Each structure stands twice: as structure tokens, then as C-alpha cells.
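*Asks:*
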Amino acid sequence: MSFKDWITYLLERLVWFMETPREERKKMRNIRKEPWATRWFGMIPLSMKMAVEKQKSRLRSRS
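Read in order, the letters of the sequence shown are residues 202 to 264 in my numbering.
(1) Below 8 Å on the Cβ atoms is my contact criterion, and I expect Ala252 with Pro246 to pass it. Report the Cβ-Cβ distance as a whole number of Å.
(2) In whole angstroms, what is the alpha-carbon distance linking Ile208 and Leu215?
(3) Any idea what DSSP makes of Pro246, helix, strand or coil?
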């Protein structure tokens, strides 16, 4: 990426930032967020959490 391309990209981002209302930017930021565990490890943490919760519920129903 050349310096000119980099400057153009920064200016485009700056113009977008200044034209978009604050509330809209906040909404977009909240929509795009995903848990860091999902981003780094995919669905493995979710499946492990579901398995542990299932075991806990089985143990509670036994007693």
C-alpha cells in the first residue's frame, strides 16, 4: 500500500466518521461485536459451556 493510498483511506474514514451521527456509530459498533472467545476459538467454548450446563442440570434433577 503506497503512502497516497494510505492517506486516501484515512481521509475516507475521517469523512465517514464526521458525517455519521454519534448514535448511528454507537449502534454499528454494538451490532458488530462478538465475544472474544468466539472470535479466537470458534464454537468450541460455546459447545463446552452447553455441555457443562447440561451436566449440571442432570445432577440437579437427580437429587
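Even glycine gets a Cβ: it sits at the ideal position worked out from N, Cα and C.
This one's a predicted model, so the numbers in the text were calculated from it and none came from an experiment.
*Replies:* Result, derived from the coordinates:
(1) As a working note, residue 252 is residue 51 in the sequence shown. As a working note, residue 246 is residue 45 in the sequence shown. That belief does not hold up - the Cβ atoms of Ala252 and Pro246 are roughly 11 Å apart, past 8 Å.
(2) Numbered from its first residue, the sequence shown carries residue 208 at position 7. Numbered from its first residue, the sequence shown carries residue 215 at position 14. Using only the alpha carbons, I get a separation of about 10 Å.
(3) Here the question's residue 246 lines up with position 45 in the sequence shown. Looking at Pro246 - three-state DSSP - the assignment turns out to be helix.
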